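Asker: What follows is a single structure, and I will ask about it in a moment.
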Amino acid sequence: MANSKASDGMALGNVVADVESSFWRQIGIASGSFWKSSVRNRILVFAAALIVVILATAYGTVILNQWNAPFYNALERRDLPAFLDELRNFAFIAGALLVLNVVQAWLNQMTALHMREGLSRDVVDQWLNGARAYRLSLSSPLGVNPDQRLHEDARKLAEMTTSLAIGLFNATVLLVSFIGVLWSLSNDFTFRIGQTSFHVPGYMVWGALVYALLASLLSELVGRSLSKLNAERYGREADLRFSLMRANENLEAIALAHGEETERRHIHQSLDGVLGSIRHLALALTNLTWVTAGFGWLAIIVPILIASPAYFAGTITFGGLMMAAAAFTQVYSALRWYVDNFGAIADWRAALLRVTVLRAALVSMGEDQRGAGRLEFTQSDDRTLRLDNLEICTRVQGDVCESAFRLRERNLVVAPGDRVMINGDQGINRKMLFHAMAGIWPFGRGRIALPRDQDIIFVPQTGYLPEGRLRSLLAYPVASARFSDAEMIEALRAVGLADLTGRLDERGRWERILDKDQQMALAFANILIRKPRWLVMHDVLEGLEPDTERRLTSILAQMQDATLIYLGRSLAFADATGARAVHLEKIEAERA
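Numbering (numbering that gives the first Met the number 0), first residue to last: 0 to 591.
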């Protein structure tokens with residue numbers, strides 16, 4: 000199966016490359032996901048409220064800036080009554096700004112919350128849509144350990160999108176508000192150097208622009224590698240978490256094989272990858288700090304230096320100087336928003352890339368998969384299951400089917416109530432036919448027609464036992480509320496699990512609590528309570544204890560209302576059910 004993912008992998012590779020190469024493509028995917036989200040309207044309402052609050056805060060900040068002039072002038076004149084009046088004015092302005100800041104903080108959090116809800120639900124829904132997750136795991140490295148993208152990257156993208164968008168809007172509003180203030184304060188000033196004089200309209204505005212531009216250019220030069228380094232770190236973190244999860248899920252096998260040293264070495268190798276990425280990222284962030292911190296410290300004195308010519312020339316008062324310095328700081332702070340957030344923007348772009356690449360890959364797997372080298376999946380109207388001219392490709396390279404098998408009976412019809420056992424030549428992977436009938440393996444030729452509007456359960460050789468209450472496992476994937484306790488207890492007793500009847504509400508890691516025979520017996524208890532019309536099984540009786548095998552084959556023999564299809568070589572099934580045999584045979588490689 001190692002090479003069987005090539006065909007899907009090539010198509011996915013093109014999709015991934017397209018998304019990775021275009022930032023605007025990533026933005027388009029994220030925007031489309033947002034616009035279709037169920038939380039869109041809620042986010043828009045919060046966004047509108049944030050705009051109102053930010054505009055009100057900006058207005059209050061302008062009023063506070065204007066307060067500087069009379070306050071510092073009162074200090075310069077040693078005018079105590081005026082000084083006290085301005086303190087009272089400050090209390091009103093600062094109190095209003097405090098309320099606005101608190102409201103904005105709450106709106107920020109609520110917007111981020113709904114952003115994460117919408118994004119996380121969308122990506123998870125795309126991942127668990129049909130068999131996309133399974134097919135992605137076969138055809139792309141994206142599907143090996145997607146939990147980092149589904150959880151951490153989605154969280155970071157939602158929270159950082161909210162934070163950065165609000166910060167950008169706030170900086171823009173402040174910039175527009177205070178450029179006018181700064182321009183009016185420095186518009187009439189004339190520079191004199193010796194006998195030469197010249198006039199620079201709004202020179203403080205140009206000073207702030209030059210200062211912020213210089214900081215931005217240096218930050219871009221020093222920090223341009225941060226986006227790539229962050230993306231690399233997230234990938235390494237995902238590899239480490241996957242190694243730890245895989246070891247934790249297979250502790251028994253590792254202990255029996257005395258493989259702790261090997262697993263420790265593998266985990267340490269993954270950890271080394273994480274630490275190496277963090278070292279590179281730390282060096283890049285350290286270099287960026289030289290720029291951001293350096294310009295931050297200079298910002299303490301630069302506004303005074305730039306405004307001082309007008310003050311010493313007597314154009315503005317001391318209060319006007321402080322007002323100009325505060326306005327300069329606001330303009331510069333707004334302009335250097337990009338500088339201050341360069342690392343965060345790089346981090347955001349890395350999260351955006353990883354989430355949108357995963358979503359684009361998943362969506363592409365939901366597109367029409369018909370064409371050359373693909374099976375045709377339909378539904379029959381006569382309640383039969385049909386396999387017409389079926390050939391299953393087991394190894395695909397590009398457009399070439401390098402290995403395949405087929406049914407010797409070219410047009411197999413399974414009618415309601417039939418018992419069929421499908422086996423075949425030595426070395427044929429019957430599991431691929433099982434997956435093809437379930438609709439999760441599309442490579443091959445011919446047509447698979449499943450009965451329309453019929454309950455079909457596919458039972459793999461190794462089932463899935465999710466963590467949770469036993470009653471939930473017994474009914475999985477159907478809601479346990481659909482079945483009574485009496486039905487569950489009766490099913491458990493029928494399959495030989497009477498000792499579990501008092502544990503329906505117990506939670507546990509049942510894949511570790513139950514042995515192989517018990518897990519298969521639990522799968523049959525699930526069948527008994529769900530009462531399917533069609534049952535397709537893959538080697539479910541192989542390797543069981545004789546008593547378990549006899550009990551389960553007896554159950555199958557008594558299912559008179561169900562159609563049974565067994566992929567395997569179980570003589571016990573054939574003897575108990577009288578199943579007719581269908582044979583699989585290898586065929587020479589052909590172009591798919």
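We put the beta carbon where it would ideally sit given N, CA and C, even for glycine.
Since this is a predicted model, take the numbers as computed values, not measurements.
Could you name the residues of the same chain whose beta carbon sits closer than 7 Å to that of ASP367, not counting the 5 residues immediately before and after it, in chain order?
Answerer: Residue confidence for ASP367 is low, a pLDDT of 48 falling below 50, so the modelled location carries little weight; the figure read from the coordinates is stated next. Closer than 7 Å at Cβ, skipping near neighbours: no residue.
Asker: Output the distance between the C-alpha atoms of PHE70 and LEU181, rounded to the nearest integer angstrom.
Answerer: 18 Å
Asker: Report the residue ranges of all alpha helix (DSSP H) runs contained in full by the stretch 17 to 49; include only those spanning at least 4 residues, in chain order.
Answerer: 22 to 34
Asker: Pick out the complete alpha helix (DSSP H) segments inside the stretch 399 to 444, 4 residues or longer, and give them in chain order.
Answerer: 429 to 437
Asker: Which residue wins for smallest C-alpha separation from SER479, given the options THR576, GLU486, SER471?
Answerer: Of the listed residues, the one whose Cα sits closest to SER479 is SER471.
Asker: Is the beta carbon of ASN88 sitting closer than 9 Å to the one on THR316?
Answerer: No, Cβ-Cβ distance for ASN88 and THR316 is not below 9 Å.
Asker: Measure the beta-carbon distance from MET536 to LEU566 and round it to whole angstroms, keeping in mind my assumption that it falls under 8 Å.
Answerer: The beta-carbon separation of MET536 and LEU566, rounded to 7 Å, stays under the 8 Å limit for a contact.
Asker: Report the residue from ARG407, ILE456, ARG353 whose alpha carbon sits nearest the alpha carbon of PRO140.
Answerer: Relative to PRO140, the option among ARG407, ILE456, ARG353 whose CA is nearest is ARG353.
Asker: How many angstroms separate the CA atom of ASP381 from the CA atom of PRO415?
Answerer: 10 Å
Asker: Quick check on the DSSP output: the beta strand (DSSP E) that includes MET536 runs from which residue to which?
Answerer: 533 to 537
Asker: Starting from ARG579, trace the beta strand (DSSP E) in both directions and tell me its first and last residue.
Answerer: Residue range 579 to 586 is occupied by the beta strand (DSSP E) that includes ARG579.
Asker: With a threshold of 16 other CB atoms inside 10 Å of the CB of GLN268, please say whether the residue is buried or exposed.
Answerer: exposed
Asker: Quick check on DSSP: helix, strand or coil for GLY467?
Answerer: In the three-state scheme derived from DSSP, where H, G and I count as helix and E and B as strand, GLY467 is classed as strand.
Asker: Can you tell me the Cα-Cα spacing of THR576 and ARG235, whole angstroms?
Answerer: 52 Å
Asker: Out of curiosity, what's the CA-to-CA distance linking VAL209 and SER21?
Answerer: 31 Å
Asker: Between SER176, LYS530, LYS515, LEU49, which lies nearest to GLU486 when the distance is taken from Cα to Cα?
Answerer: Distance from the Cα of GLU486 is smallest, within the candidate group SER176, LYS530, LYS515, LEU49, for LYS530.
Asker: Taking the alpha-carbon positions, what's the ALA573 to ILE526 distance?
Answerer: 19 Å
Asker: If you run the structure through DSSP and keep just helix, strand and coil, what is GLN458?
Answerer: For clarity, residue 458 is Val in the given sequence; the question names Gln instead. In the three-state DSSP reduction, VAL458 falls in the strand class (E or B).
Asker: Give me the Cα-Cα distance between ARG549 and ALA435, rounded to the nearest whole angstrom.
Answerer: 29 Å
Asker: Using a Cβ-Cβ cut-off of 8 Å (strictly less than) and excluding sequence neighbours within five positions of GLU219, which residues of its own chain qualify?
Answerer: Non-local C-beta neighbours of GLU219 in its own chain, meaning closer than 8 Å and more than five positions away in sequence, comprise PHE341, ordered along the chain.
Asker: In the DSSP assignment, the beta strand (DSSP E) including ILE564 goes from what residue to what residue?
Answerer: 562 to 566
Asker: Let's see if you can read the secondary structure: which residues bound the beta strand (DSSP E) around SER379?
Answerer: Taken as a continuous stretch (DSSP letters only), the beta strand (DSSP E) holding SER379 covers 375 to 379.
Asker: Between GLN103, ALA524, TRP126, ASP346, which lies nearest to TYR475 when the distance is taken from Cα to Cα?
Answerer: ALA524
Asker: What does DSSP give as the partner residues of ALA448 in its beta bridges?
Answerer: THR377, ARG385
Asker: State the Cα-Cα distance for the pair VAL14 and SER363, rounded to the nearest angstrom.
Answerer: Rounded to whole angstroms, VAL14 to SER363 spans 8 Å at the Cα level.
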